[in-house]
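> Below is one structure. I have some questions about it.
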């Protein structure tokens, strides 16, 4: 890359946008007009539009020392469309804005957009706009995702009911363990650059951190199985934090059982190696981008055959509190220990 | 404010969003679900959705030394809905994301959102979501605006035709002169903080810089007068830059006449004071957020009585070039001298 470096200033903003978007094809018939005008235009006859947005800042949400730009572009799209799926909707379009410093070349930005395009391609989403700007300090990314849902079929966080099952998809805690590993390897490298990173056998947790996926398959499964969750959100800040959101917005309490938490064997091994409790990683580790949803008990039979869904507890009256029951049978109050972008 | 400072960390991200959005009312019946879930939901039966986004970075797009936070919040919304009007559409909703450093208190952020709310209120737009995060360095703002337009009624940049009149709204160059003034006063203040800023009689150009408005009135006038421009965009980077976009995207040339450029008397006086050519300010100064549009000659009678619209030139074949004709009758090639976020 050092041999083939194009300064962003040589293209200018408009030239840069043309350069970055010239090979992008439109996937959705509803996308009437994409990149290149004041705004994009989308058709939404008889459906509802779902909108979400995320701001990702270097040094807060990602570390370029161990995050390849292509993965960063991919993940920037994934974290947004994950919020669209969490509404029981299908993502259709994204806007991607970036602020970059002088140290970022056109080639580096191309890598970032390769990741953006790969995610758009995989999830059938159109890149319909964005904004590029120079930044005094650090890489800034802002993504907005739009999606569609049949009228009234969207699922909120506030509509869980007493007795509903609490379900999660996939497995939990791996992204946090991947982050722990990368931060450890970074410290070792900074102390002694001659030591090569030791990532052997850690592909799973590193992949979960650097290349997360959104649960499109689960939303398609709901449609095929005629399931409508009573409440749903995605797990970006950790299970504890998210289940408390569903409880407080629905005005209810909950029970979560430790022995039901889905934790990958590779995560357990990594946690053991780092001296961490895998259960704590599953409860409080963020960035897994799995879904948590509540389900009427009558729908239980419909999910039993889906190995990607685990029932981890159930909703109770608010007065019964928000409790975690350990394997040993002890009961603890659930507190939000999740990642807080403003904490120390 | 120093006596009453609340650290953002005491609220946490979710608490902060609740705090910032608690008094906000929904204006549009189409906004089914606003802030507080994974995504917002909007109804769009039989209309087309228009989407635009902008990233605003401290030190690049604004200087907190002379930009009150309330004005910054207001302007952040205006620059986006201006792009929606530039599509001949009506803005309905915005998402506002901010990244803030530790030096920003909750009270300071409240001021910013007061401006956001004031703009939303004035233009009948709903704040439907956003994201808040800490930032290592500086204030980061990302706004996405959504709008509606009757099917097929949106106006692109690429559809101007030979012979069409080129029109601009309001007057040009004032925001650039306001910026020139504020930068000058900032330098004087930094050299000698005892000297108070001299803004006497400069309200107009300062107001154009710090509190721009979007041309809702023009879009309503088009509807009332049954006018559909053949092409349109907003003037954020300067008239020269924008007319070249319309030319290149429409595959045409143009003629712009100096004696037709709308320049406010207060701008002329300020330009004189600073030793600048008011015509150059009007051509190359950005951030006026006026509209430039092209119109069939047959529609000329419909605009003559609107004092907010000036005909400044007309479209020609591409081979005839993109030319500026001075008051003295000299002809110059139009070049984009507008603000370039990547230039030196």
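Protein chains in written order, with my numbering: chain A, 1 to 344; chain B, 1001 to 1344. Every residue, glycine too, gets a C-beta built ideally from N, C-alpha and C.
#1: Looking at the unbroken beta strand (DSSP E) that takes in residue 1314 of chain B, where does it start and where does it end?
#2: Report the three-state DSSP secondary structure of residue 99 of chain A (helix, strand or coil).
#3: Taking residue 282 of chain A as part of the alpha helix (DSSP H), name the residues at either end of that continuous run.
#4: Give me the DSSP bridge partner(s) of residue 32 of chain A.
#5: Can you pull the chain A residues whose beta carbon is under 7 Å from the beta carbon of residue 1048 of chain B, in chain order?
#6: Would you list the one or two residues that DSSP bridges to residue 1254 of chain B?
#7: How would you call residue 1350 of chain B, buried or exposed, if buried means at least 16 neighbouring beta carbons within 10 angstroms?
#8: Distance check for residue 190 of chain A and residue 345 of chain A, CA to CA, integer angstroms please.
#9: Please state whether DSSP places residue 111 of chain A in a helix, a strand or coil.
#10: For residue 1429 of chain B, which option in A:38, A:35 and A:51 has the closest C-alpha, if you only look at C-alpha atoms?
#11: Of the residues B:1293, B:1258 and B:1292, which one's Cα is nearest the Cα of residue 1280 of chain B?
#12: Kindly indicate which residue of B:1123, B:1116 and B:1176 has the alpha-carbon position closest to the one of residue 1274 of chain B.
#13: Residues of the region 1156 to 1184 of chain B with a CB closer than 9 Å to any CB of chain A: list them in chain order, please.
#14: Going straight from the alpha carbon of residue 328 of chain A to that of residue 262 of chain A, what length do you get?
#15: Looking only at its own chain, which residues have a Cβ that is under 6 Å from the Cβ of residue 1340 of chain B, when we skip the five neighbours before and after it?
#16: Which residues in chain A have a C-beta closer than 7 Å to the C-beta of residue 1406 of chain B? List them in chain order.
#17: Within this structure, are the beta carbons of residue 60 of chain A and residue 1134 of chain B separated by less than 9 Å?
#18: So the beta strand (DSSP E) residue 963 of chain B belongs to, where does it begin and stop?
#19: Quick one: what does DSSP say residue 1059 of chain B is sitting in, helix, strand or coil?
#20: Starting from the beta carbon of residue 1144 of chain B, find every residue of chain A whose beta carbon is closer than 7 Å, and list them in chain order.
#21: So residue 1075 of chain B and residue 1212 of chain B are in contact, right, with Cβ under 8 Å, and what is the actual spacing, rounded?
#22: Hey, how far is the Cα of residue 151 of chain A from the Cα of residue 21 of chain A?
#23: Considering only residues of the region 119 to 203 of chain A, which uninterrupted alpha helix (DSSP H) runs meet the minimum length of 4 residues and lie entirely inside it, listed in chain order?
#24: Residue 1065 of chain B versus chain A: which residues are under 9 Å apart at the beta carbon?
#25: Taking Cβ positions only, does residue 1118 of chain B come closer than 9 Å to chain A?
#26: Taking 9 Å as the threshold (beta carbon to beta carbon), is residue 1341 of chain B in contact with chain A?
#27: Kindly list, in the order they appear in chain A, the residues whose Cβ is closer than 9 Å to that of residue 1136 of chain B.
#28: For the beta strand (DSSP E) that residue 1084 of chain B lies in, which residues bound it at each end?
#29: Any idea if residue 103 of chain A is buried or exposed, counting beta-carbon neighbours within 10 angstroms, 16 or more meaning buried?
#30: Taking the Cβ atom as the reference point for each residue, do residue 1239 of chain B and residue 1284 of chain B lie within a distance shorter than 9 Å?
#31: Rounded to a whole number of angstroms, what is the C-alpha to C-alpha distance between residue 271 of chain A and residue 179 of chain A?
#32: Looking only at its own chain, which residues have a Cβ that is under 6 Å from the Cβ of residue 1 of chain A, when we skip the five neighbours before and after it?
#33: Mind listing the chain B neighbours of residue 99 of chain A? Cutoff is C-beta to C-beta under 8 Å, in chain order.
#34: Report yes if the CB atom of residue 288 of chain A is closer than 9 Å to the CB atom of residue 236 of chain A, and no otherwise.
#35: By the criterion of Cβ-Cβ separation under 7 Å, what are the contact partners of residue 1084 of chain B in chain A?
#36: Can you confirm whether residue 1274 of chain B, when its beta carbon is compared against all beta carbons of chain A, has any partner nearer than 9 Å?
So, from the listed chains and residues:
#1: Your numbering for residue 1314 of chain B matches position 314 in the second chain. That run of the beta strand (DSSP E) goes 1309 to 1317.
#2: Walking along the first chain from the start, residue 99 of chain A turns up at place 99. Three-state result, residue 99 of chain A: strand.
#3: Numbered from 1 along the first chain, position 282 holds the residue referred to as residue 282 of chain A. Note, residue 282 of chain A: alpha helix (DSSP H), 278 to 284.
#4: Here residue 32 of chain A refers to the residue found at position 32 when the first chain is read from its first residue. Per DSSP, none; premise fails for residue 32 of chain A.
#5: By one-based count along the second chain, residue 1048 of chain B stands at place 48. Per Cβ cutoff of 7 Å: 32, 41, 42 and 43.
#6: Within the second chain, the letter at position 254 stands for residue 1254 of chain B. Partner(s): B:1315 and B:1322.
#7: What is shown of chain B runs 1001 to 1344, which leaves residue 1350 of chain B out entirely.
#8: Since the first residue of chain A shown is 1 and the last is 344, residue 345 of chain A is not available in this structure.
#9: As a working mapping, residue 111 of chain A is identified with position 111 in the first chain. Helix.
#10: The structure shown does not extend to residue 1429 of chain B, since chain B is modelled only from 1001 through 1344, so no value can be given for it.
#11: Stepping through the second chain from its first residue, residue 1280 of chain B is reached at position 280. The candidate whose alpha carbon is nearest that of residue 1280 of chain B is B:1258.
#12: Locating residue 1274 of chain B in the second chain gives position 274, where the first residue counts as 1. Closest by alpha carbon: B:1176.
#13: 1156, 1157 and 1158
#14: Working through the first chain from its first residue, we reach residue 328 of chain A at position 328. Working through the first chain from its first residue, we reach residue 262 of chain A at position 262. Taking the straight line joining both Cα atoms gives about 17 Å.
#15: Working through the second chain from its first residue, we reach residue 1340 of chain B at position 340. Any reading at residue 1340 of chain B must be qualified, since the residue scores a pLDDT of 46, below 50, and its modelled position is unreliable; no value is offered.
#16: Beyond the ends of chain B as shown, which are 1001 and 1344, falls residue 1406 of chain B; an answer cannot be given.
#17: Here the question's residue 60 of chain A lines up with position 60 in the first chain. Here the question's residue 1134 of chain B lines up with position 134 in the second chain. Yes, the pair counts as a contact, with Cβ atoms nearer than the cut-off.
#18: This structure does not reach residue 963 of chain B, given that chain B is present from 1001 up to 1344, and the question cannot be answered.
#19: For the purposes of this step, residue 1059 of chain B is taken as the residue at position 59 of the second chain. Note: residue 1059 of chain B maps to coil in three-state DSSP.
#20: The sequence position of residue 1144 of chain B within the second chain is 144, counting from 1. Going along chain A in sequence order, the residues near residue 1144 of chain B (Cβ under 7 Å) are 53, 95 and 144.
#21: On the second chain, residue 1075 of chain B is found 75 positions in, with the first residue counted as 1. On the second chain, residue 1212 of chain B is found 212 positions in, with the first residue counted as 1. The pair is a contact, with the Cβ atoms about 6 Å apart (cut-off 8 Å).
#22: Locating residue 151 of chain A in the first chain gives position 151, where the first residue counts as 1. Locating residue 21 of chain A in the first chain gives position 21, where the first residue counts as 1. Their Cα atoms are separated by approximately 32 Å.
#23: 174 to 191
#24: Reading the second chain from its first residue, position 65 is the one you call residue 1065 of chain B. Per Cβ cutoff of 9 Å: no residues; residue 1065 of chain B is ~14 Å from chain A at best.
#25: Position 118 of the second chain, counted from the start, is the residue given in the question as residue 1118 of chain B. Closer than 9 Å: no.
#26: Residue numbering aside, residue 1341 of chain B sits at position 341 when the second chain is read from its first letter. Caution applies to residue 1341 of chain B, whose pLDDT of 44 falls short of 50 and renders its modelled position unreliable; the value that the coordinates give is listed next. Output row for residue 1341 of chain B: interface = yes.
#27: Locating residue 1136 of chain B in the second chain gives position 136, where the first residue counts as 1. Result: 57, 58, 59, 60, 137 and 138.
#28: The residue labelled residue 1084 of chain B in the question sits at position 84 within the second chain. No beta strand (DSSP E) contains residue 1084 of chain B, which is instead part of the alpha helix (DSSP H) from 1069 to 1085.
#29: Here residue 103 of chain A refers to the residue found at position 103 of the first chain. The residue is exposed, with fewer than 16 neighbouring Cβ atoms inside 10 Å.
#30: Start at 1 with the first residue of the second chain, and residue 1239 of chain B comes out as number 239. Start at 1 with the first residue of the second chain, and residue 1284 of chain B comes out as number 284. Yes.
#31: Within the first chain, residue 271 of chain A is the residue found at index 271, counting from 1. Within the first chain, residue 179 of chain A is the residue found at index 179, counting from 1. Distance between the alpha carbons of residue 271 of chain A and residue 179 of chain A is about 12 Å.
#32: As a working mapping, residue 1 of chain A is identified with position 1 in the first chain. Residue placement at residue 1 of chain A is flagged as unreliable, the pLDDT there being 39, under the threshold of 50; a coordinate-derived value is accordingly withheld.
#33: Your numbering for residue 99 of chain A matches position 99 in the first chain. Near residue 99 of chain A (Cβ distances below 8 Å), the residues of chain B are 1055, 1057, 1060 and 1140.
#34: As a working note, residue 288 of chain A is residue 288 in the first chain. As a working note, residue 236 of chain A is residue 236 in the first chain. Yes, Cβ-Cβ distance for residue 288 of chain A and residue 236 of chain A is below 9 Å.
#35: Position 84 of the second chain, counted from the first residue, corresponds to residue 1084 of chain B. Under the 7 Å cutoff, chain A gives 39.
#36: Residue numbering aside, residue 1274 of chain B sits at position 274 when the second chain is read from its first letter. Answer no: the Cβ-Cβ gap between residue 1274 of chain B and chain A never drops below 9 Å.
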